[in-house]
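Written out below as structure tokens is the structure these notes cover.
Residue numbers (the working numbering): 615 to 1124.
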């Protein structure tokens, strides 16, 4: 074409771009016949690439599949543009939204084998574990567990300039990746969206969709076949939201205008002490959980043992709340407040956040943890209690030693909680043995010295005869059946004796 016609077409293209909201670059006249302008075109393309800069790959692979087929000797091959990356040979993948597991057997870029590929490249992926029909156009390859399927998408919608008025309830077609899905439109802050306007909205998908947050999409009408809107996915794992609710629309507008740090900060502020799961923040930011964890550690939050994030102000508030609650409950729970009871008194704090705070306070010496109970650390009182506990433990051990093989009932020895705790310590340390009469369902506590004395007495009788009946054991030791039965049960359990019919004989350890 002549120069005048070329200029006319260039102006027309620029006008179409402007109508779509795009700023057209300066036209570059090129002749495929003479080669005129090819160098200028190369320079213009290079400048355009430099202006875009590197893409943020989100820390996980995402490849919408445009076709899949079988290659003899290799199996299933899927092709597409790697929208996020990187992708390496050997990677474990998930075929979304079906949730099928697959492994990368090999990679090619423009026919050349590759060990790894990066975001933006056209890729052929040789897959192990799936058939071509399971990876058809519309599916996507991604990291396992990162893009769960959803039928609700919260979005920021932009109507095209030449579109008809969009109304809540309209049936449209969602184009995302390589998939096309029928959706029903729900405008959240209005009933109609005029051409060129933007608004928060939800899309109710006829089939489950797996999409990363911050991805773009297109909406088209079926009849007439027109592109009516586009937009940004804000929450790919949404639930049905209330319409005409100012806080709902405000939250989506905040998500639309924020970067990953801003999204994390907003969500953590809303959650307070309940915190937010790392997986949920990853879903909203479109980042891999590992990236989210690094982001939160550096800027906003403390990550608890349950992979829950909480903002620093909310976490510090929990650190201040816990001692106050423990102090208020100290008279009712002098030995410490049970962990479960503490949780009920702090309903606005997630269990993982509370456990993290308790660990921090204990490390600082501000509280003490005894078993499943938590109490304030009071050094003078705790030292006095420790001395009392030690004296009580010694007294109970002496009482059991003096009682020999006819000890008092455990209930008489441990009438209160400190005594029960002391007995538990003696049993745990092995100084006292808890023997059980399984028939009578009764425990007897013997001092270790009494058990050893009984063994010395019985071993001579057991070596000399065919075995001893329960009554004979009681007579030899001078105790009643109440004590001889649980004693023999213990000796059987330790292998000192072995039951044969109605007699006891020496066991392996005897």
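Backbone N, C-alpha and C define an ideal beta-carbon position, used for all residues, glycine too.
DSSP has residue 881 in a bridge; who is on the other side? BP columns for residue 881 are empty, so no partner.
By how many angstroms is the C-alpha of residue 983 removed from the C-alpha of residue 854? 43 Å
Helix, strand or coil, according to DSSP, for residue 594 in the structure here? Since the first residue of the chain shown is 615 and the last is 1124, residue 594 is not available in this structure.
Pull up the distance between the alpha-carbon of residue 1012 and that of residue 1024, whole angstroms please. 14 Å
Locate the alpha helix (DSSP H) running through residue 1112, then write down its first and last residues. Run containing residue 1112: none in the alpha helix (DSSP H); it sits in the beta strand (DSSP E), 1111 to 1114.
Considering only their Cβ atoms, is the gap separating residue 813 from residue 803 smaller than 8 Å? yes
Would you call the stretch 754 to 768 and the stretch 676 to 689 in contact, with 3 or more CB pairs under 8 Å? yes
Fully enclosed by the stretch 641 to 687, which alpha helix (DSSP H) runs are 4 residues long or longer? 652 to 666
With DSSP collapsed to three states, give me the class of residue 1086. helix
Start-to-end residues for the beta strand (DSSP E) that takes in residue 978: Residue 978 -> no beta strand (DSSP E), and no H or E assigned at all.
Residue 708, enclosing beta strand (DSSP E) - first and last residue: 706 to 710
Helix, strand or coil at residue 774 according to DSSP, with G and I counted as helix: coil
So who's on the other strand from residue 989, going by DSSP bridges? 982
Restricting to runs no shorter than 3 residues, where is the beta strand (DSSP E) found entirely within the stretch 908 to 968? 915 to 917 and 922 to 925
Which residues DSSP lists as bridging residue 1049, in chain order: 1058
Considering just the uninterrupted stretch of the beta strand (DSSP E) at residue 1098, what are its terminal residues? Not the beta strand (DSSP E): residue 1098 falls in the alpha helix (DSSP H), residues 1095 to 1108.
Within its chain, find whatever has a CB closer than 8 Å to the CB of residue 841; leave out the 5 residues flanking it on each side and keep chain order. 774, 777, 832, 833 and 834
Below 8 Å on the Cβ atoms is my contact criterion, and I expect residue 734 with residue 727 to pass it. Report the Cβ-Cβ distance as a whole number of Å. Rounded, the Cβ-Cβ distance is 19 Å, inconsistent with contact.
Would the beta-carbon of residue 1081 fall within 8 Å of that of residue 1119? yes
Considering only DSSP beta bridges, list what residue 970 is partnered with. Answer is none; residue 970 lacks a bridge partner.
In three-state terms, what does DSSP make of residue 722? strand
Measuring alpha carbon to alpha carbon, tell me which of 846, 808 and 850 ends up nearest residue 819. 850
Can you give the beta carbon distance from residue 887 to residue 939, rounded, assuming they're within the 8 Å contact cut? Contact flag wrong, Cβ pair sits at about 13 Å.
Which term fits residue 637, buried or exposed, when burial requires 16 or more other beta carbons within 10 angstroms of its beta carbon? exposed
Delimiting residues of the alpha helix (DSSP H) encompassing residue 630: 617 to 633
Residue 696 versus 861, 1046 and 723, residue with shortest Cα-Cα distance: 723
Select from 785, 1099 and 922 the residue whose C-alpha is nearest the C-alpha of residue 1057. 1099
In whole angstroms, what separates the C-alpha of residue 1020 from that of residue 1093? 7 Å
For residue 768 and residue 625, believed in contact at Cβ under 8 Å, the rounded distance: That belief does not hold up - the Cβ atoms of residue 625 and residue 768 are roughly 39 Å apart, past 8 Å.
Three-state secondary structure (DSSP) of residue 875: helix
Terminal residues of the beta strand (DSSP E) in which residue 782 lies: Counting along the chain, residue 782 falls outside any beta strand (DSSP E), and DSSP gives it neither H nor E.
Would you list the one or two residues that DSSP bridges to residue 890? 923
Any 3 or more C-beta pairs closer than 8 Å across the stretch 864 to 879 and the stretch 783 to 797: no
Hey, residue 876 and residue 922: beta-carbon distance below 8 Å or not? no
Figure out for me which residue from 927, 862, 860 and 859 has the closest Cα to the Cα of residue 883. 927
Confirm the yes/no value for this check: CB of residue 691, any heavy atom of the ligand NAP, distance under 7 Å. No copy of the ligand NAP occurs in the structure displayed, which carries no ligand at all.
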